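Using this note's numbering, read the sequence shown as starting at 1164 and increasing by one per residue.
We put the beta carbon where it would ideally sit given N, CA and C, even for glycine.
Predicted, not measured: the structure shown is a model, and the values here were computed from it.
Take a look at the structure below.
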Amino acid sequence: MPVTHEPWLVALSLAVAIQGSYVGLSLAVRLGATEGLRRRLRLAGAALSLGVGIWSMHFVAMLAAQLPGTVDFLVFPTLLSFLVCVIVVGLALVAASFGPPTPLRIAAASLFMGVGIASMHYIGMTALHRSLHLDHDWRLVVASVLIAIAASSLALWLGFGARRHPPLIVSATALGLAIAGMHYTAMAGLHVEPMAMGTASLPPALSVDLLAIVVAVVAFLVSGIFLLTLVPDRAAASVPPVRADDAVFVVTRAAPADFPHSASPSGPAPLGGLGRPPRRPGNRIPVERAGATQLIPPEEVFAVHANAHYTYIFNGTDDLFCSLSISELEGRLDPSQFVRIHRSHIVNLERIVAVRRAGDTGQVELAGSARRIVPVSRAKLSSLKAQVETLEHLSQGAAQ
């Protein structure tokens, strides 16, 4: 007999999928702005939130199925399906995030993740074999696997490959619907029959409706906990406007207006530009933009942020992926114009509008259409202040 579903539980399963997708994508799209332990924790949170959301959606949707007779879920296949889901999602996110987000990398990770999600579904279905005889339509099995791969591609592309991210709620809704579409496509190809000879079962300790609510609430709580990690602490929620009385040094010259292009030739020369020959074309920096590798001149680099063995180049408006390490970039950039102010950050002195103290360390504010605050290590703060002051004095002298 074909399978029908309880409408309100179907709606609940969709809500679980969308909520888990929202939190997972929220964490994934911010991976490029973190590093070290914080990056690993955020990656784990994205994997667990997506994995819990996907698995919980499938479990609630299974409870929504109106199956003949009393159904018992075997514990081992149910737990195994959960572990498979979390592990494959985590490995796919690792594969997509540690390296340039090339189409081949995204496609390979999507294939692995999609097949893993489909495997999770069919492993979970084996939990019913003690109570029911299951017969699958192979055409809809193939369709469900393809939908799972497409949903995985959507998740990884939105998280790592998209040049411009659409609103997260739109992305999460699309991903949640795709995940649900995979499950209900698979269920549409399922025919079930009660076992010819079965043993009488006791009524379940929890009703199907109550069990679905419990699973959904747990999924919401897990995702909610990870969502709280995105809420900045009060001290870091926003950086107050720079004032001369609390800044170590405030640059008074006007910030360049032609972002993200280089400074105007008529403007003040960089600190290291006095008496130096023009830069060689070999100094251009390779970045990923619009799915292709492009070479940009150093003048377009506002800041460099290390990300594992790779870097992101901030050009005043966007963060562009660069396959070079921060040490390799430091060797390519003019050390009198670009300063490594932190083990994970390099800044362009010409783009600094303020240097300020922040506890025992410091911060610099960069000019740009997108405001950027970069941390300064305590050991670099004094020398950075001296370099910025020197550049400011040279700029003021040239203006006179």
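The beta strand (DSSP E) enclosing Arg-1447, as first and last residue numbers
Counting along the chain, Arg-1447 falls outside any beta strand (DSSP E), and DSSP gives it neither H nor E.
Buried or exposed, going by whether 16 or more other CB atoms sit within 10 Å of the CB of Ala-1455?
exposed
Other residues of its chain near Ala-1351: CB distance less than 6 Å, five sequence neighbours each side excluded
So the qualifying residues of the chain are Leu-1303.
Leu-1177 versus Leu-1483: straight-line alpha-carbon distance, rounded
34 Å
Between the CA atoms of Lys-1548 and Gly-1525 - distance to the nearest angstrom
10 Å
By the 10 Å Cβ neighbour count, where 16 or more other Cβ atoms means buried, how is Glu-1356 classified, buried or exposed?
exposed
What are the residues that DSSP puts in a beta bridge with Tyr-1473?
Asn-1470
Under 8 Å: do the segment 1283-1291 and the segment 1260-1271 share three or more Cβ pairs, one atom per stretch?
no
Pro-1240, enclosing alpha helix (DSSP H) - first and last residue
Per DSSP, Pro-1240 belongs to the alpha helix (DSSP H) from 1238-1260.
Nearest to Pro-1571 (by Cα), restricted to the options Gln-1229, Trp-1301 and Ser-1545:
Given that the chain is displayed from residue 1164 to residue 1563, the structure contains no residue 1571 and the question cannot be resolved.
Below 7 Å CB to CB, which residues in the same chain sit around Gly-1339 once its five sequence neighbours on both sides are set aside?
Leu-1177, Ala-1180, Ile-1181 and Ser-1184
Measure the C-alpha to C-alpha separation of Val-1333 and Ala-1318 and round it to an integer number of angstroms.
12 Å
Look up His-1221 in the DSSP assignment and give the residues it is bridged to.
Bridge pairing for His-1221: absent [DSSP].
Helix, strand or coil: which one does DSSP assign to Gly-1479?
coil
Separation of Leu-1331 from Ser-1486, as counted between CA atoms:
27 Å
According to DSSP, residues forming a beta bridge with Pro-1357
Pro-1357 pairs with Leu-1295.
Can you check whether the CB of Met-1276 is closer than 8 Å to the CB of Val-1308?
no
Nearest-angstrom Cα distance between Val-1278 and Arg-1541?
Counting only the Cα atoms, Arg-1541 lies some 48 Å from Val-1278.
Here's the rule: buried if 16 or more other CB atoms are within 10 angstroms of the residue's CB, otherwise exposed. What is Thr-1474?
Here Thr-1474 is buried: its Cβ has 16 or more other Cβ atoms, across all protein chains shown, within 10 Å.
Pick from Thr-1167, Asp-1298 and Arg-1535 that is closest to His-1508, judged by C-alpha positions
Closest option to His-1508, Cα to Cα, is Arg-1535.
Just curious, the alpha helix (DSSP H) that Thr-1336 is in, first and last residue?
1331-1351
Where DSSP assigns a beta bridge to Ala-1270, which residues make up the other side?
Ala-1270 pairs with nothing; no bridge assigned.
Could you give the distance in angstroms between the alpha-carbon of Ala-1191 and the alpha-carbon of His-1556?
Ala-1191 and His-1556 have their C-alpha atoms some 43 Å from each other.
Since Ile-1280 and Ala-1313 should fall inside the 8 Å C-beta cutoff, what is the C-beta to C-beta distance between them, to a whole number of angstroms?
About 11 Å separates the two Cβ atoms, so there is no contact after all.
In angstroms, rounded to a whole number, what distance separates the CA positions of Leu-1237 and Met-1283?
14 Å
So, is Trp-1301 buried or exposed, given that buried needs 16 or more other C-beta atoms within 10 angstroms?
exposed
Per DSSP, what kind of secondary structure is Gly-1531 in: helix, strand or coil?
coil
Of the residues Gly-1208, Leu-1172 and Arg-1201, the one placed nearest Leu-1188, counting alpha carbons only:
Gly-1208
Where His-1346 falls, given that 16 or more other Cβ within 10 Å makes a residue buried:
buried
Measuring alpha carbon to alpha carbon, tell me which of Ala-1453, His-1505, Val-1450 and Ile-1515 ends up nearest Phe-1465.
Taking the Cα of Phe-1465 as reference, the smallest distance to any Cα among Ala-1453, His-1505, Val-1450 and Ile-1515 is reached at Ile-1515.
Shortest alpha-carbon distance to Gly-1322 belongs to which of Pro-1449, Glu-1491 and Ser-1273?
Ser-1273
Span separating the alpha-carbon of Ile-1217 from that of Thr-1241
Approximately 13 Å, taken between the alpha carbons.
Go ahead and label Val-1380 buried or exposed: buried means 16 or more other beta carbons lie within 10 angstroms of its beta carbon, across all protein chains shown.
Exposed, since its Cβ has fewer than 16 Cβ neighbours within 10 Å.
Look at the Cβ atom of Ile-1564, then the Cβ atom of Val-1223, and state whether they are nearer than 8 Å.
The structure shown has nothing for residue 1564, since the chain only spans 1164 to 1563.
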